[in-house]
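Protein chains in written order, with my numbering: chain A, 188 to 413; chain B, 188 to 413. To start, the structure under review is shown below, and the notes come after it.
2 protein chains.
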Amino acid sequence: MNSEQDSPAGLLLSDRIRLALSDEITTGALAPGAQLDEQQLGDRFGASRTPVREALRQLATTGLVEMRPRRGAVVASMPAERVFEMFELSAEIEALCVRLAAWRMTPVERSTLRRIHDESEAVVARGDIDEYDRLNWRFHDAIYVGTHNSFMVKQAQSLRERMAAFRRAQLRQGGRPERSRHEHGELVEAVMQGDGDHAAKLMRAHMFNASGALEDFVQRIGSDPR
Amino acid sequence: MNSEQDSPAGLLLSDRIRLALSDEITTGALAPGAQLDEQQLGDRFGASRTPVREALRQLATTGLVEMRPRRGAVVASMPAERVFEMFELSAEIEALCVRLAAWRMTPVERSTLRRIHDESEAVVARGDIDEYDRLNWRFHDAIYVGTHNSFMVKQAQSLRERMAAFRRAQLRQGGRPERSRHEHGELVEAVMQGDGDHAAKLMRAHMFNASGALEDFVQRIGSDPR
DNA sequence: TATACGATTCTTGCATACACAGCGGCCGGA
DNA sequence: TCCGGCCGCTGTGTATGCAAGAATCGTATA
Numbered sequence: 188m189n190s191e192q193d194s195p196a197g198l199l200l201s202d203r204i205r206l207a208l209s210d211e212i213t214t215g216a217l218a219p220g221a222q223l224d225e226q227q228l229g230d231r232f233g234a235s236r237t238p239v240r241e242a243l244r245q246l247a248t249t250g251l252v253e254m255r256p257r258r259g260a261v262v263a264s265m266p267a268e269r270v271f272e273m274f275e276l277s278a279e280i281e282a283l284c285v286r287l288a289a290w291r292m293t294p295v296e297r298s299t300l301r302r303i304h305d306e307s308e309a310v311v312a313r314g315d316i317d318e319y320d321r322l323n324w325r326f327h328d329a330i331y332v333g334t335h336n337s338f339m340v341k342q343a344q345s346l347r348e349r350m351a352a353f354r355r356a357q358l359r360q361g362g363r364p365e366r367s368r369h370e371h372g373e374l375v376e377a378v379m380q381g382d383g384d385h386a387a388k389l390m391r392a393h394m395f396n397a398s399g400a401l402e403d404f405v406q407r408i409g410s411d412p413r
Numbered sequence: 188m189n190s191e192q193d194s195p196a197g198l199l200l201s202d203r204i205r206l207a208l209s210d211e212i213t214t215g216a217l218a219p220g221a222q223l224d225e226q227q228l229g230d231r232f233g234a235s236r237t238p239v240r241e242a243l244r245q246l247a248t249t250g251l252v253e254m255r256p257r258r259g260a261v262v263a264s265m266p267a268e269r270v271f272e273m274f275e276l277s278a279e280i281e282a283l284c285v286r287l288a289a290w291r292m293t294p295v296e297r298s299t300l301r302r303i304h305d306e307s308e309a310v311v312a313r314g315d316i317d318e319y320d321r322l323n324w325r326f327h328d329a330i331y332v333g334t335h336n337s338f339m340v341k342q343a344q345s346l347r348e349r350m351a352a353f354r355r356a357q358l359r360q361g362g363r364p365e366r367s368r369h370e371h372g373e374l375v376e377a378v379m380q381g382d383g384d385h386a387a388k389l390m391r392a393h394m395f396n397a398s399g400a401l402e403d404f405v406q407r408i409g410s411d412p413r
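Below, the structure written as structure tokens:
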């Protein structure tokens with residue numbers, strides 16, 4: 188049942204627990220509302236409650252888990268309403284990033300963005316959704332970095348991370364990867380032309396399309412199971 | 188030296204420590220780069236190291252403190268560059284909020300915003316900067332809430348909180364409260380007319396003016412003291 | 001005199017111990 | 001049968017103990 192190895196790998200035990208839990212939550216392996224028992228998690232990771240508690244506290248700060256004093260921690264519930272609220276902010280942040288990136292990216296950064304986009308052609312063609320999801324990450328990351336604002340990069344990444352499960356889900360709606368890639372293509376063109384305002388509009392549309400594709404999914408898993 | 192009382196007040200010890208530290212950092216009482224010794228903080232709050240550690244971990248997640256593994260925690264350093272990066276994102280978030288608020292606020296919310304603005308007239312006239320700072324908070328909070336997106340409210344508040352020290356500082360530049368209030372007045376008008384795009388432009392300008400007023404201050408305290 | 005090495009000390013990271021708050025079950029009474 | 005209070009149990013919140021890594025200082029050597 189336990190596949191963790193005791194590889195300190197320079198990382199603190201509490202950090203490894205935090206990363207592992209974060210991963211399980213964002214991938215959906217731990218469902219919203221799931222109880223997070225400290226002792227039990229400690230056993231699972233071969234650790235005591237202390238590092239587990241520290242990990243849970245940090246995850247609570249990022250919003251991935253909710254802690255009720257003296258009543259333990261649960262994976263944060265995600266009512267459909269909150270998901271779409273997050274999506275709205277996310278769309279605007281992404282639009283902001285691409286607008287700045289279109290103005291500020293270096294030539295090398297621009298061609299990197301195009302290269303990532305080109306790579307995705309074959310991936311979409313063969314229907315490899317997991318691989319496209321990874322390329323999608325790299326594509327948007329390249330845009331964040333293109334803002335040349337490292338604080339913004341961090342915020343955008345953390346927001347995207349919190350929505351990872353939903354982003355992945357919407358890609359499984361029929362035909363969505365193809366349309367997503369097409370929208371990326373338009374974005375690349377706008378960035379290449381340095382037309383930030385147009386790129387921002389395209390990005391907003393791109394995000395709203397994703398949000399729309401998501402609706403079915405959210406209504407299945409989104410209701411607060413508490 | 189110790190003015191804390193042992194008032195659980197329903198709050199967990201670790202939470203009270205976190206709030207106290209957060210306050211001392213955002214007000215500038217704890218300067219960037221200051222060492223945060225666990226034992227020492229525990230003594231100061233009449234607690235053991237355990238709740239202190241949990242508080243520090245949470246503050247590290249919000250970015251207020253930096254933790255180097257096995258080397259302790261320090262108040263996050265704030266190079267001028269990062270401050271202005273934060274300001275850039277902040278300006279855009281505020282612009283986004285006011286744009287949405289101008290479209291979505293209820294009549295009651297709109298008149299509340301105007302009332303807060305009206306209150307500030309006398310406060311600015313008598314030069315009470317601390318009180319104006321508080322009204323400023325309420326003014327911007329009212330705009331966040333006006334987006335009717337509770338996730339956005341949280342993000343905007345947390346960003347604003349991290350910049351609290353700098354926001355306060357720029358208000359002490361000569362003539363800045365008066366100009367700030369004047370800009371708020373224009374914002375209120377745009378919101379009243381439901382002109383979100385114009386309100387967003389005004390807000391961006393408002394934030395850049397604040398950023399400009401800040402420059403002197405940052406160059407004094409901003410350099411990384413490590 | 002400067003530098004490199006080593007022991008000491010200090011602080012952190014984690015484990016364990018203990019106290020107390022919630023929660024559920026049980027019992028008695030209406 | 002249903003309601004309310006008592007009691008024990010489970011699990012969290014905090015304190016303390018121990019070990020290992022980092023910093024510091026002193027000493028010896030070039």
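Ideal Cβ placement from N, Cα and C applies to all residues, glycine included. Note that the structure is a prediction, hence the values are computed from the model and not measured.
Provide the residue span of the beta strand (DSSP E) that contains residue i, from first to last.
i                      : result
residue 267 of chain B : Here residue 267 of chain B belongs to no beta strand (DSSP E); instead the alpha helix (DSSP H) covers 267-291.
In the DSSP assignment, what residue or residues form a beta bridge with residue i?
i                      : result
residue 254 of chain B : B:260
Following the continuous alpha helix (DSSP H) through residue i, name the residue where it begins and the one where it ends.
i                      : result
residue 323 of chain A : 316-333
residue 305 of chain B : 294-312
residue 357 of chain B : 351-358
residue 416 of chain B : Residue 416 of chain B is absent from the structure shown; chain B starts at 188 and stops at 413.
residue 243 of chain A : 236-249
- Item | Segments of 4+ residues assigned as alpha helix (DSSP H) that fall wholly inside the segment 200-225 of chain B | Entirely contained in the segment 200-225 of chain B, the alpha helix (DSSP H) runs reaching 4 residues are, in chain order, 200-214.
- Taking Cβ-Cβ distances below 7 Å as the criterion, which residues of the segment 241-255 of chain B are in contact with chain A? 241, 244, 245, 248, 249
- Would you be able to state if there are at least three C-beta pairs under 8 Å between the segment 205-225 of chain A and the segment 387-404 of chain A? no
- Message: Whether or not the segment 319-336 of chain A and the segment 283-292 of chain A are in contact is what I'm after, with contact meaning three or more pairs of Cβ atoms, one per stretch, closer than 8 Å; do they touch?
- Response: yes
- Message: To be precise: take each residue of the segment 338-352 of chain B, compare its Cβ to all Cβ atoms of chain A, and keep it if any distance is under 7 Å. Which residues remain?
- Response: Among the residues of the segment 338-352 of chain B, those with a Cβ less than 7 Å away from any Cβ of chain A are 338, 339, 342, in the order of the chain.
- Segment contact flag, the segment 270-277 of chain A with the segment 345-364 of chain A, C-beta cutoff 8 Å, min 3 pairs: yes
- Message: Counting only Cβ-Cβ distances shorter than 7 Å, please list the residues of the segment 272-302 of chain A near chain B, keeping chain order.
- Response: 272, 273, 275, 276, 279, 283
- Query: Per the contact definition of three or more C-beta pairs closer than 8 Å, is the segment 333-343 of chain B in contact with the segment 233-252 of chain B?
  - Reply: no
- Cβ contact (3+ pairs, closer than 8 Å) linking the segment 251-267 of chain B and the segment 316-324 of chain A: no
- Message: I'd like to know if the segment 310-317 of chain B and the segment 352-365 of chain B are in contact, where contact means that at least 3 CB-CB pairs between them fall below 8 Å.
- Response: Contact between the segment 310-317 of chain B and the segment 352-365 of chain B is present, because at least three Cβ pairs lie under 8 Å.
- Listed in chain order, which residues of the segment 194-210 of chain B have Cβ atoms closer than 7 Å to some Cβ of chain A? Those residues of the segment 194-210 of chain B that come within reach of chain A (Cβ to Cβ, closer than 7 Å) are 199.
- Item | Proximal residues, the segment 227-240 of chain A versus chain B, C-beta separation under 7 Å | 240
- Decide if the segment 238-257 of chain A is in contact with the segment 374-386 of chain A; the criterion is three or more beta carbon pairs, one per stretch, under 8 Å apart. no
- Item | Contact residues within the segment 257-273 of chain B, judged by C-beta distance below 7 Å to chain A | For the segment 257-273 of chain B, which is checked against every Cβ of chain A, the residues closer than 7 Å are 269, 272, 273.
- Which residues, in order along the segment 385-399 of chain A, keep a beta-carbon less than 8 Å from a beta-carbon of chain B? none
- Query: In chain order, what residues of the segment 312-329 of chain A put their CB closer than 8 Å to some CB of chain B?
  - Reply: none
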